[in-house]
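Take a look at the structure below.
Chains as they are written, first to last, in my numbering: chain A, 40 to 327; chain B, 451 to 760.
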């Protein structure tokens, strides 16, 4: 395990809800400048794990460490939630979109830059009086927002209430809003849910762009295997709260544990399949 | 006609005071969804602080106009600051520990805080009325030299001062909410507190600031009340608080322009009712209008979700 280039290290994460163990002793790493996907059947604990990483839940046990590029380290399970974005540089989106529907598209992107603007506004008084330093910070914030609006093709809708956008547009806006916080790790909860094939192809382009041009690592949960297999550098598979596989696309695609979890195969059959895989060459030869 | 004008002037002055208090109710409701019943008493504390400062500094009507104005502005700023500390403390002590508790809990502590503040002032300052000599007298009369028996409209400097200051504060405050990072954060917290904090907004601090600004505006209202009526007691917060709350509901609770409009309407209704009918029934009139408006517009006059809220 090369801890040096891991941006996020999850160690022995456990989260219980009463008697239900939603995430059970899960460890994995997210490497810098990778797109890491977490997949698994429904109820596998993906979203719970995700909520722990982004500070939505406080886990019962385990350690979630973020190493920022400048060398600062944070333990996310100990940070109050507003500092996870502000200091640890982790931003997220939601499966059920959580935009500020009553605010305009532009304002949604401005709220995401609250920390910078608040620091520049000298206890708001500077902002109210329109001091030059605040004006400059605000102009930069608007410029950043405009940049992302262009990237997600929503420039003409900047002054519309966010609630008026279509579903696909809202999803894109949520990603742009998360990017406006200036994250090093972007966490996406089912970004392609409810998207048509054309939209999810555009999404893939956007995510690659974020990874390559903004040097932002991405952790995503996704059901759409087309998206996952297409863009992921690294896949973690969960089932019943446990990690059952971890590796690159080819490794996971051929892992019998993963196939079993998705197709519903008994434990002993997996062992058989594994034995088969190990003697794979021999079997193939005898068959021919 | 002159009489109508006079009641209009009186109503706008009264409405300004109600509007300033109503903003505090509507902002707090907007951001954490609770009615801060102690807000009326924060207004009362504000007027007592203003009175104490005026007496301590020895501000008297005999002073030259310029010095008097500067002194009163100083008193205003200082009492805003001190009252803001009270507002902050009430939130910190009585509401924040109960955040995330069941909905009625902060409501009950709010009533508790209201009684606590009233009783504290009653014991510390005495239950008797506190009078203050009129500091700013004079004004304009129309016509300046009325014929015998002709009604003359009085517009006092005090009334001009109240309305002008209120308008300035409301404009400033609206800009704060619509233009600044703090205002955006307040609106974001109002819509989705958890999401706001995940974007880096310190929600607890934002809520504290909301209470602080609400209390500062209530302090302005408290000082105006003191200067305008010249007499206060520990119980003024109750009636003024209920009226301002009514104004906030009438305008649409959670809506900032609604609170201002509601305050103005309640002030005007009271003034006109007292002027043309019976001042004994002015509260009945104000609340009847409230009931009628709420029957036909359950969310108040401007209480639509699209309206800019705090």
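Note that CB positions come from ideal geometry on N, CA and C, so glycine has one too.
These numbers come from a predicted model, not from an experiment.
Grouping DSSP H, G and I as helix and E and B as strand, with all else coil, what is residue i?
i, result
"residue 296 of chain A", "helix"
"residue 224 of chain A", "strand"
"residue 474 of chain B", "helix"
"residue 54 of chain A", "strand"
"residue 644 of chain B", "helix"
"residue 68 of chain A", "strand"
"residue 736 of chain B", "helix"
"residue 488 of chain B", "coil"
"residue 685 of chain B", "coil"
"residue 604 of chain B", "strand"
"residue 276 of chain A", "strand"
"residue 192 of chain A", "coil"
"residue 117 of chain A", "helix"
"residue 138 of chain A", "coil"
"residue 199 of chain A", "coil"
"residue 251 of chain A", "helix"
"residue 655 of chain B", "helix"
"residue 214 of chain A", "helix"
"residue 97 of chain A", "coil"
"residue 520 of chain B", "helix"
"residue 637 of chain B", "helix"
"residue 592 of chain B", "strand"
"residue 586 of chain B", "coil"
"residue 514 of chain B", "coil"
"residue 741 of chain B", "helix"
"residue 267 of chain A", "helix"
If the cut is a Cβ gap below 8 Å, which residues of chain A does residue i touch?
i, result
"residue 635 of chain B", "150, 153, 157"
"residue 641 of chain B", "139, 140, 141, 142"
Applying a beta-carbon distance threshold of less than 7 Å, which residues of chain A neighbour residue i?
i, result
"residue 645 of chain B", "137"
"residue 650 of chain B", "121, 124, 125, 153, 154, 220"
Taking Cβ-Cβ distances shorter than 8 Å, what residues in chain D pair up with residue i?
i, result
"residue 93 of chain A", "No chain D is present in this structure, whose protein chains are A and B."
Which residue from the options puts its Cα closest to that of residue i?
i, options, result
"residue 328 of chain A", "A:292, A:58, A:279", "Chain A is shown only over 40 to 327; residue 328 of chain A falls outside these bounds and no answer can be derived."
"residue 483 of chain B", "B:640, B:739, B:691, B:664", "B:640"
"residue 716 of chain B", "B:455, B:460, B:453, B:452", "B:460"
"residue 265 of chain A", "A:241, A:284, A:113, A:45", "A:241"
"residue 341 of chain A", "A:86, A:285, A:200", "There is no way to answer for residue 341 of chain A, as the model of chain A reaches only from 40 to 327."
"residue 72 of chain A", "A:294, A:249, A:278", "A:249"
"residue 175 of chain A", "A:296, A:187, A:160, A:217", "A:160"
"residue 96 of chain A", "A:77, A:116, A:109", "A:116"
"residue 646 of chain B", "A:88, A:114, A:138", "A:138"
"residue 601 of chain B", "B:607, B:608, B:592", "B:592"
"residue 698 of chain B", "B:657, B:743, B:729, B:538", "B:743"
"residue 181 of chain A", "A:50, A:151, A:74", "A:151"
"residue 85 of chain A", "A:133, A:109, A:118", "A:133"
"residue 682 of chain B", "B:720, B:503, B:650, B:497", "B:497"
"residue 143 of chain A", "A:131, A:216, A:135", "A:216"
"residue 653 of chain B", "A:51, A:146, A:89, A:153", "A:153"
"residue 534 of chain B", "B:505, B:499, B:550, B:519", "B:499"
Quick check on residue i: buried or exposed, where buried means 16 or more other Cβ atoms within 10 Å of its Cβ?
i, result
"residue 282 of chain A", "buried"
"residue 158 of chain A", "exposed"
"residue 189 of chain A", "exposed"
"residue 597 of chain B", "exposed"
"residue 563 of chain B", "buried"
"residue 627 of chain B", "buried"
"residue 763 of chain B", "Absent from the structure is residue 763 of chain B, since the part of chain B shown begins at 451 and ends at 760."
"residue 751 of chain B", "buried"
"residue 612 of chain B", "buried"
"residue 468 of chain B", "buried"
"residue 287 of chain A", "exposed"
"residue 278 of chain A", "buried"
"residue 124 of chain A", "buried"
"residue 529 of chain B", "buried"
"residue 693 of chain B", "buried"
"residue 583 of chain B", "exposed"
"residue 285 of chain A", "buried"
"residue 98 of chain A", "buried"
"residue 93 of chain A", "buried"
"residue 120 of chain A", "buried"
What in chain B is Cβ-close to residue i, meaning under 9 Å?
i, result
"residue 146 of chain A", "634, 637, 638"
"residue 131 of chain A", "648"
So does residue i have its beta carbon nearer than 7 Å to some heavy atom of the ligand MN?
i, result
"residue 240 of chain A", "This structure does not include the ligand MN; it has no bound ligands of any sort."
Residues, ordered as in the chain, of the segment 650–674 of chain B that lie near chain A by beta-carbon distance below 7 Å
Within the segment 650–674 of chain B, the qualifying residues are 650, 651, 652, 653.
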